[in-house]
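Numbering-wise, the sequence shown is residues 2 to 160 according to the numbering used here. Glycine included, C-beta positions come from ideal geometry on N, C-alpha and C. The structure displayed is predicted, hence computed values, not measured ones. I have placed the structure first, in the form of structure tokens, so that the comments after it can refer back to it.
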Amino acid sequence: VKLGPKTTVEEALALIEKLDPNREPGRLTFITRMGAGKIREVLPALVDGVTKSGAQVLWVCDPMHGNTYEAPSGYKTRRFDDVIDEVTGFFEVHKTLGTHPGGIHIELTGDDVTECVGGGEQISHDDLATRYESACDPRLNHSQSLELAFLVAEMLRDR
2 VKLGPKTTVE EALALIEKLD PNREPGRLTF ITRMGAGKIR EVLPALVDGV TKSGAQVLWV
62 CDPMHGNTYE APSGYKTRRF DDVIDEVTGF FEVHKTLGTH PGGIHIELTG DDVTECVGGG
122 EQISHDDLAT RYESACDPRL NHSQSLELAF LVAEMLRDR
């Protein structure tokens with residue numbers, strides 16, 4: 002179930018009651034799609050409320066959806082720094098609350114595309130047209146994907 006930045010604790014608990022009334026551990030996955038600017042503000046209350054209810058959901062972060070915007074050129078894009086910030090916030094919240102970050106959902110490709118700005122290659126808005134190949138949503142390229150993977154590995158190590 003996808004949870005956005007406007008999801009309330011009451012709504013999350015109602016979803017649990019409807020979709021997992023027997024509280025079967027792992028039956029329900031909550032995919033948070035908050036955006037980098039909201040994750041630290043909204044997620045703590047949700048995780049705390051769900052935890053106190055006794056439900057054992059799988060928490061997954063989708064740092065892509067809530068960080069999409071239209072570049073001046075008209076291309077739909079994402080800032081790599083925002084993706085990193087949302088993932089970092091997700092891990093920080095779970096570490097603070099003593100809960101488990103269950104996973105992340107990333108839209109990526111192994112190709113050398115220019116769909117998301119930033120990262121080690123410093124892709125700019127002007128670079129988007131160079132190799133923008135997605136017919137739908139912008140994806141991290143191979144370099145950005147590896148950079149994110151190493152950062153997540155560090156966060157897991159430091160838990």
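Is the distance from the Cβ of residue i to the Cβ of residue j below 8 Å?
i, j, result
"PRO139", "THR78", "yes"
"ASP30", "VAL61", "Note on identity: in this sequence residue 30 is Thr, with Asp being the wrong assignment. Contact: yes."
"LEU47", "LEU4", "yes"
"LEU98", "GLU116", "no"
"TYR133", "TYR76", "yes"
Report the residue from the options whose alpha carbon sits nearest the alpha carbon of residue i.
i, options, result
"ASN68", "GLY99, GLU12, ILE107", "ILE107"
"PRO102", "ASP159, SER74, GLU134", "ASP159"
"GLY111", "GLY104, GLY55, GLU42, ALA150", "ALA150"
"SER74", "GLU116, ARG41, ASP127, GLY120", "ASP127"
"GLY55", "GLU25, GLU12, LYS96, VAL94", "GLU25"
"ILE85", "ARG132, THR100, LEU147, ILE32", "LEU147"
"LEU44", "ASN23, GLY104, HIS95", "HIS95"
"ARG1", "GLY90, ARG132, ARG28", "Lying before the first or after the last residue shown, residue 1 is absent from the chain, which here runs from 2 to 160."
"GLY121", "THR131, ILE105, VAL88, LEU152", "LEU152"
"PHE81", "LEU20, ALA37, ASN23", "ALA37"
What does residue i pair with, by DSSP beta-bridge criteria?
i, result
"PHE31", "TRP60"
"GLU71", "LYS77"
"VAL118", "ARG80"
Please determine whether the Cβ atom of residue i lies at a distance below 7 Å from any heavy atom of the ligand NAD.
i, result
"MET156", "Here there are no bound small molecules, and the ligand NAD is not part of this structure."
Which same chain residues end up closer than 6 Å to residue i when comparing Cβ atoms and leaving out the 5 residues on each side of it in sequence?
i, result
"LYS39", "PRO6"
"GLN57", "PRO26"
Label residue i either buried or exposed according to how many other C-beta atoms from any shown protein chain fall within 10 Å of its C-beta, with 16 as the threshold for buried.
i, result
"GLN145", "buried"
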